[in-house]
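*Asks:* I have a structure I would like to understand better, so I am pasting it below and will then ask my questions one at a time.
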Amino acid sequence: MTTEPVGSDLDHGQPVDTVECAGLTPDQRQPYRELGLKDDEYQRIVRILGRRPTDAELAMYSVMWSEHCSYKSSKVHLAYFGKTTTDDMRARMLAGIGENAGVVDIGGGWAVTFKVESHNHPSYVEPYQGAATGVGGIVRDIMAMGARPIAVMDQLRFGPADAPDTRRVLDGVVRGIGGYGNSLGLPNIGG
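For the sequence shown, this note's numbering assigns the number 1 to the initial residue and increments by one for each residue that follows.
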């Protein structure tokens with residue numbers, strides 16, 4: 001039996017950035033921009049913590065405040081839909097903004113469930129799996145509303161076809177959407 005701490009063989013000469021270390025090194029440069037955070041967001045983290053964040057805290061904030069998790073760029077546009085919902089629309093809305101998926105009463109005891117998912121960053125990093133898990137999230141959220149998914153659709157947007165990586169991302173995303181839907185018996189009816 002060893003008394004060595006777990007992971008001690010992984011020491012690459014880098015000290016662990018602890019809370020104590022962060023408190024003692026307030027001016028240490030951190031790669032917050034490289035992690036997708038803006039200057040004002042980094043300053044907000046410093047205010048919240050009362051010190052610079054550790055490497056692990058910075059990584060956590062960058063994920064939680066990413067577009068994928070918090071919709072930091074698009075939530076202002078998404079809020080528009082809530083402001084423009086009419087009384088007639090609300091009367092048919094069984095579940096809406098803030099729910100796992102939207103549910104609309106279409107009459108005769110029937111309802112339709114809709115879900116939109118953005119998986120831009122995961123799909124860029126690993127196109128097949130990023131797109132597949134996007135479909136998985138849609139299916140999960142529809143089922144969480146008590147509905148049974150019958151089909152999926154996708155609306156895809158990419159940069160110029162001659163841009164670096166576009167072909168890799170496009171091919172992988174299309175295969176990922178189809179692969180996940182097909183494995184569940186859900187046809188892709190458009191996109």
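Quick reminder that beta carbons are idealized off the backbone N, C-alpha and C, glycines included.
In three-state terms, what does DSSP make of D87?
*Replies:* helix
*Asks:* Rounded to a whole number of angstroms, what is the C-alpha to C-alpha distance between E4 and V16?
*Replies:* With a pLDDT of 46 at E4, under the threshold of 50, the modelled position of this residue cannot be trusted, and the question is left open.
*Asks:* Can you list, in chain order, the residues of its chain with a C-beta nearer than 6 Å to that of I106? Leave out the 5 residues immediately preceding and following it.
*Replies:* V112
*Asks:* Would you mind reading off the limits of the alpha helix (DSSP H) that contains T113?
*Replies:* T113 -> not in any alpha helix (DSSP H); beta strand (DSSP E) instead, spanning 110-114.
*Asks:* Measuring CB to CB, does T166 end up less than 7 Å from G176?
*Replies:* no
*Asks:* Please state the DSSP three-state secondary structure of I150.
*Replies:* coil
*Asks:* Using only alpha-carbon positions, find the residue among R168, A147, V116 that is nearest to W133.
*Replies:* For the record, residue 133 in the displayed sequence is Thr; it is not Trp. Nearest of R168, A147, V116 to T133, Cα basis: V116.
*Asks:* Rounded to whole angstroms, what's the CA-CA distance from K202 to I48? Just pull it up for me.
*Replies:* Shown here, the chain extends from 1 to 191; a query on residue 202 therefore has no answer.
*Asks:* Tell me, please, whether the region 57-66 touches the region 77-88 by the rule of three or more beta-carbon pairs shorter than 8 Å.
*Replies:* no
*Asks:* I need the straight-line Cα distance from G190 to I150, nearest angstrom please.
*Replies:* In this structure, the straight-line span from the alpha carbon of G190 to that of I150 is close to 13 Å.
*Asks:* With distances taken Cα to Cα, identify the nearest neighbour of L24 among G179, L78, G50, S123.
*Replies:* G50
*Asks:* Reducing DSSP to helix, strand and coil, say where L94 ends up.
*Replies:* strand
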